[in-house]
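The sequence shown begins at 0 in numbering that gives the first Met the number 0 and counts up by one.
In this text, a Cβ means the ideal position worked out from N, Cα and C, and glycines have one as well.
Comments concern the structure below.
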Amino acid sequence: MKYLFNSSGNWIAFRIDDYLFNSNANWIGWFPWNDEHAVDKKGRYLGSMFNDSRFYKIMNFPYRGYPGYPGYPGYPGYPGYPGYAGYSPMPIGVKDYTPEELKNIEN
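Shown next, in the form of structure tokens:
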């Protein structure tokens with residue numbers, strides 16, 4: 000399991016294998032290309048991992064085609080609380096997510 004944070008250091012999501020879950024443990028997306036870029040369950044770009052633990056949306060991310068559907072991952076279980084990660088400056092050209100924004104992505 001890999002915990003993901005925004006630039007403020009707030010926990011916003013976690014990754015298990017190729018699946019992305021919000022902090023309520025609801026499946027919100029996946030990593031179809033075996034890299035740091037995630038899409039939502041409908042195949043739309045959602046965001047990218049930076050520095051191994053930050054998750055931001057690249058504003059001008061190029062369309063990479065429809066990645067297909069991975070199948071339902073099942074319930075991951077309670078992820079625990081990872082604590083506060085500390086502030087990290089955002090790269091240029093990205094959008095920060097709040098925990099609430101990713102909690103609202105459940106369909």
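Item checked: C-alpha gap between residue 94 and residue 6, whole angstroms -> 10 Å
Check: Taking the Cβ atom as the reference point for each residue, do residue 53 and residue 22 lie within a distance shorter than 9 Å?
Finding: no
Margin query: Mapping the DSSP letters down to three states, classify residue 56 as helix, strand or coil.
Written below: strand
Check: When the distance is taken between beta carbons, is residue 10 closer than 9 Å to residue 77?
Finding: no
Check: Just the Cα atoms here: how many angstroms apart are residue 59 and residue 44?
Finding: 10 Å
Check: In chain order, which continuous runs of the beta strand (DSSP E) of length 3 or greater are located wholly inside the stretch 29 to 95?
Finding: 36 to 39, 44 to 49, 53 to 57 and 93 to 95
Margin query: Is it buried or exposed, residue 28, if we count other Cβ atoms within 10 angstroms and call 16 or more buried?
Written below: Counting Cβ neighbours within 10 Å, residue 28 comes out buried, since at least 16 surround it.
Notebook entry, point to check: In terms of alpha-carbon separation, which member of 103, 16, 18 and 38 lies closest to residue 66?
Noted result: Measuring from the Cα of residue 66, the nearest candidate turns out to be 38.
Next item on the list: Go through its chain and collect everything with a Cβ distance to residue 1's Cβ below 6 Å, but skip five positions before and after it.
Entry: 14
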